[in-house]
Amino acid sequence: MVVPSASLAATNPQQLFSTYADRLFQIRVIEKSSQRKSTIGSGFQISANGLVATNYHVISKYVQDPDRYFLQAISSKDKIESVTVEDIDVVHDLALVRFKAKNRPFLKIRDTKSLRKGDPIYSMGNPLDLGTAVVPGTYNGFTKQSYYQLIHFTGAINSGMSGGPVINNKGEVIGVNVATAGNQVGFLITSDKLLNLLNKYRSNQNNKMDFQKRIHKQLVANQKKLMGDTLVAKWKTVKLGDASIVNELAPFIPCWGDKSRKRKTKKEKYLVVSIQCRQKEQIYINSGFRTGNIGVQYKWIENISLTPLQFSQLLGNSYSGASMPNRATETDVTEFSCHESFIKDPDERAVFCTRAYRKYPGLYDVIYVSTSINHNDKGLIRHFTLSGFEQNTAKRFLKRFLEIREWN
Amino acid sequence: MELIIEQAGRGSHRHAADMQKVSGDKITIGRAFDNDIILTDPHVCPHHAVIESGVDGRAQLHDLNSVNGSYDANHAPLYQPHTISSGDTYIIGRSRIRIYFPDHPVEESIKVNPVEKLAKYASIPTIAISVLVLAVLLNLFIDYSSTLGEFKFGRIIITNIGFLLAITLWPVCWAMFARFRKLEAKFIAQFTVSITLLIIGTVFLSMIDWIEFHLGINSTGLKLFYWLFTILLLACLFGINLYLAGFQINRKHFLYTAGLTLTALSFNYTLISIDSSDFKYSPVYHKKIYPPSVTLYSAHDIHSFIKATDKTFEKSAKLINKDSD
């Protein structure tokens, strides 16, 4: 092992850049037949023998379709290295790739414990394919109401910088660029997640598991944990009209409410109050496929002057619109299969639909929607979606959801 | 000699008014007004042909050296007097005549069938107007039930006028078709029948929907019922339309009706199968809800509902292998 040459503190971006630029790479996914780059991102060396960290989503095309693509890493001196994928963490959007090297300088990884809100940190990468850049910014703690806990970074992260390191002023990696919400709000994967992946990788180097199988295993483990954390939490309930409904399932599934506006000039014929709880994050599988998400929605409708037939039409409009929030294509999922029925106490028309994941058998997207059917003056629509869950896990959620006596 | 001369005109359709009974030893045909049979065709000579008894007492047609000649049914020119058989067709100039003897057999009289009775009722203007009012009311009711916001009368009136014009087009086409065949248009009867069947169809479709709400969208029995009723309804519509447009109920009528019904069905089926061949990203289930007063159901407790979901997981898992082939 070679001790990184620049262990002395560099306090301004210029110094940081000149010291560490040689550890940065642009990661390219090249389409074989056209020999053109299909995706670009950034990466950084984390071991002397050529191990490079990047985002899973940067190399996802190659992982999903290795016969059509190959990977390259371009060093800051424009040297092209061909790379292989060593390990991935699809849940936290991380990947380790390797090129052949010996005794090359690399970046040290540091945990995030020492950081405080307001600390200056430096994001590096290759924004919009314009060349290597350093972006000074501020550490702003972890994202709230989040399951996968990202670092909230104030500073401009642009596409192409994905997978690039974020370092402190000692040149230690404390995060990995992953996403932006625009307006100087960026998100970083914490270095702890990268350390976890690195440790796992080093402890079973000979594990030659196929990448699809690895993704499958990670998704299964994650949904189990996610559902466990959701079900262990005490669901907070609240009154919505005559019904008591879930107001918060878990801190990482925040809720939003809305109520139809009362207009003074026109007579309203009905009133709608809705509550929607949705996890903000989804797991990236490929450009057309996301998963790993829980969402719940309630609508309370009060009839003011609609006829019974009109009111049932109104309930039908809400009942009929159920769809999944996650993107998926024909190659990723099957069509839905549904079970339609009537449930009693309170009486509801309910439908439960599932679609299976083609490449990850045993995982499903699930939709449930129901509407009350025994009142002309009031109604409740209940709806949830689960993406990427196992049959048993989904059924546990369904049971918990249905057991809330929402009608008094 | 007594003969019946039919001026066939163009086309093959008979017109009762064009049948003439003439008698005499000598029956003259031509454009001049002193003829027994007067043809207005300018290709016919003033004294074009004559029918006389031959040596054997049978009627014969002589061409009188006309400019354009006389021909038999096969367009062969008549150079010599031609012995007439009952029902023979001749071409005089460019006009067609057919000659019958008084003992020529006629087709058996057609009994007034139930459709005829129906057609009689359908031609009564009061009934036609009642049906029309019913259709408009039904349309208004459907409009009103699905309008959840403000009910705008101006818009309703205009869409209803549009609706009326649209549904009138169908009987207008059939009436025009009948006129084209130089038959009675029978517009009112066509109108009444078409609108009545439209109303029956609309009511039937909402009934199917209502049953589907209770049985679920995958009921095969209901699908079968839907197709059977659709076939019956279309066959009724085309059958009556054709009858009113002058097709007597016989083999030909049956074949036309079957042909039109099949065409309409295949259009319907093609549309449905084009839609269903697309990959569906959203679930397909029965989406309409009915008021409590018309909802009949036996509700399950949540445990049996949860248990029943196993089947949907099973079905989805099976689709993985089925679709990827």
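In the order they appear, the protein sequences are chains G and L. With the working numbering as the guide, the letters of the first sequence map in order to residues 14 to 421. With the working numbering as the guide, the letters of the second sequence map in order to residues 16 to 340. Built from N, CA and C at the ideal position, the CB exists for glycine as well.
Note down the Cα distance separating residue i from residue j, rounded to an integer number of angstroms.
i: Leu21(G); j: Gln27(G); result: With a pLDDT of 47 at Leu21(G), under the threshold of 50, the modelled position of that residue is not reliable, and the figure given next carries that caveat. Those two C-alpha atoms are separated by around 14 Å.
i: Ala31(L); j: Lys126(L); result: Here the model assigns Ala31(L) a pLDDT of 47, short of 50, so the residue's position is not dependable, and the following value carries that caveat. For Ala31(L) and Lys126(L), the distance between alpha carbons rounds to 19 Å.
i: Cys251(L); j: Trp185(L); result: 15 Å
i: Val208(L); j: Ile255(L); result: 8 Å
i: Ile356(G); j: Leu411(G); result: 13 Å
i: Ile321(L); j: Glu403(G); result: 14 Å
i: Lys167(L); j: Leu180(L); result: 20 Å
i: Ser18(G); j: Leu208(G); result: Note on Ser18(G): pLDDT 45, under 50, position unreliable in the model; no value is reported.
i: Ile53(L); j: Phe244(L); result: 55 Å
i: Ala332(L); j: Val285(G); result: 37 Å
i: Lys372(G); j: Leu248(L); result: 47 Å
i: Ile170(G); j: Ala263(G); result: 29 Å
i: Asp158(L); j: Ser319(L); result: 38 Å
i: Glu294(G); j: Gly334(G); result: 22 Å
i: Gly184(G); j: Gly375(G); result: 43 Å
i: Phe282(L); j: Thr217(L); result: 19 Å
i: Leu286(L); j: Thr141(L); result: 38 Å
i: Ala74(L); j: Ile44(L); result: 14 Å
i: Gly9(G); j: Leu232(G); result: Nothing in the structure corresponds to residue 9(G), since chain G is present only between 14 and 421.
i: Ile214(L); j: Leu311(L); result: 25 Å
i: Ser160(L); j: Phe302(G); result: 40 Å
i: Met34(L); j: Ile99(L); result: 17 Å
i: Gly26(L); j: Cys188(L); result: Because the pLDDT of Gly26(L) is 46, which lies under 50, any placement of that residue in the model is unreliable, and the number read from its coordinates should be weighed accordingly. Distance between the alpha carbons of Gly26(L) and Cys188(L): 21 Å.
i: Ala194(G); j: Ser172(G); result: 11 Å
i: Asn89(L); j: Gly69(L); result: 22 Å
i: Leu152(L); j: Ala137(L); result: 19 Å
i: Val147(G); j: Lys213(G); result: 30 Å
For residue i, I'd like the list of residues in its chain whose CB is within less than 7 Å of its CB, leaving aside the five on either flank, ordered along the chain.
i: Lys303(L); result: Asp224 and Phe228
i: Asp78(L); result: Ala64, Gly84, Ser85 and Leu93
i: Ile202(G); result: His105, Asp106, Leu107, Leu163, Gly188, Val189 and Val191
i: Lys41(L); result: Val65 and Glu67
If we define contact as Cβ-Cβ less than 8 Å, is residue i a contact residue for chain B?
i: Pro186(L); result: Among the chains of the structure shown, chain B does not appear; the protein chains present are G and L.
Whose C-beta lies closer than 6 Å to the C-beta of residue i among residues of the same chain, with five residues either side of it excluded?
i: Ala190(L); result: Ala200, Phe202 and Gln205
i: Gly177(G); result: Ser55, Met137, Gly138 and Asn190
i: Gly308(G); result: Arg291, Pro338 and Thr398
i: Trp269(G); result: Gln289
i: Ile93(G); result: Gln85 and Ile87
i: Asn299(G); result: Ser73 and Gln77
i: Ile424(G); result: Beyond the ends of chain G as shown, which are 14 and 421, falls residue 424(G); an answer cannot be given.
i: Phe155(G); result: Gln162
Could you check which residue in the options has the C-alpha nearest to that of residue i?
i: Val364(G); options: Ser325(G), Leu415(G) and Asn339(G); result: Leu415(G)
i: Ile164(G); options: Ser175(G), Ile187(G), Asp142(G) and Asn182(G); result: Ile187(G)
i: Lys226(G); options: Lys157(G), Ile101(G), Gly150(G) and Ser172(G); result: Ile101(G)
i: Phe224(G); options: Ala108(G), Asp358(G), His396(G) and Thr32(G); result: Ala108(G)
i: Ser308(L); options: Ile134(G), Ser325(G) and Lys282(G); result: Ser325(G)
i: Gly39(L); options: Thr55(L), Asp56(L), Ile19(L) and Gly45(L); result: Ile19(L)
i: Thr145(G); options: Tyr377(G), Ala34(G), Leu376(G) and His388(G); result: Ala34(G)
i: Gln310(G); options: Asp390(G), Ile394(G), Tyr161(G) and Asp378(G); result: Ile394(G)
i: Asp105(G); options: Ala234(G), Pro79(G) and Gly63(G); result: This sequence places His at residue 105(G); Asp is not what is there. The candidate whose alpha carbon is nearest that of His105(G) is Ala234(G).
i: Gln323(G); options: Ile139(L), Phe156(L), Tyr115(L) and Ile42(L); result: Phe156(L)
i: Ala341(G); options: Ser318(G), Ala369(G) and Gln39(G); result: Ala369(G)
i: Phe328(L); options: Ser350(G), Ile296(G) and Ser318(G); result: Ser350(G)
i: Gln263(L); options: Ile112(L), Pro57(L), Glu131(L) and Tyr136(L); result: Glu131(L)
i: His315(L); options: Gly199(G), Asn330(G), Asp358(G) and Thr347(G); result: Asp358(G)
i: Ile266(G); options: Ile180(G), Arg303(G) and Leu244(G); result: Leu244(G)
i: Lys221(G); options: Glu99(G), Ser336(G) and Asn181(G); result: Glu99(G)
i: Asp91(G); options: Asp142(G), Ser46(G), Glu315(G) and Lys391(G); result: Asp142(G)
Which residues in the same chain have their Cβ closer than 8 Å to the Cβ of residue i, if we skip the five residues on either side of it in sequence?
i: Asn153(G); result: Lys130, Gly131, Ile164, His165, Phe166 and Thr167
i: Ile43(G); result: Arg49, Lys50, Ser51, Tyr82, Phe83, Leu84 and Gln85
i: Thr250(G); result: Ser257, Ile258, Val259, Asn260 and Ile417
i: His119(L); result: Ile19, Ser101 and Gly102
i: Val65(G); result: Phe38, Ile40, Gly56, Phe57, Gln58, Ile59, Ala86, Val96, Leu109, Val110, Arg111 and Phe112
Run through the DSSP bridge pairs and tell me what residue i is partnered with.
i: Trp269(G); result: Gln289(G)
i: Ser95(G); result: Gln85(G)
i: Phe302(G); result: Asn299(G)
i: His77(L); result: Val65(L)
i: Arg41(G); result: Ile53(G) and Gln85(G)
i: Arg362(G); result: Phe355(G) and Thr384(G)
Could you check how far apart the C-beta atoms of residue i and residue j are, in whole angstroms? I think they sit under 8 Å.
i: Ser110(L); j: Val148(L); result: Ser110(L) to Val148(L), Cβ: 49 Å. No contact.
i: Arg117(G); j: Gly150(G); result: Contact flag wrong, Cβ pair sits at about 27 Å.
i: Leu253(G); j: Gly305(G); result: Not confirmed; about 28 Å, so no contact.
i: Leu120(G); j: Ile59(G); result: 6 Å
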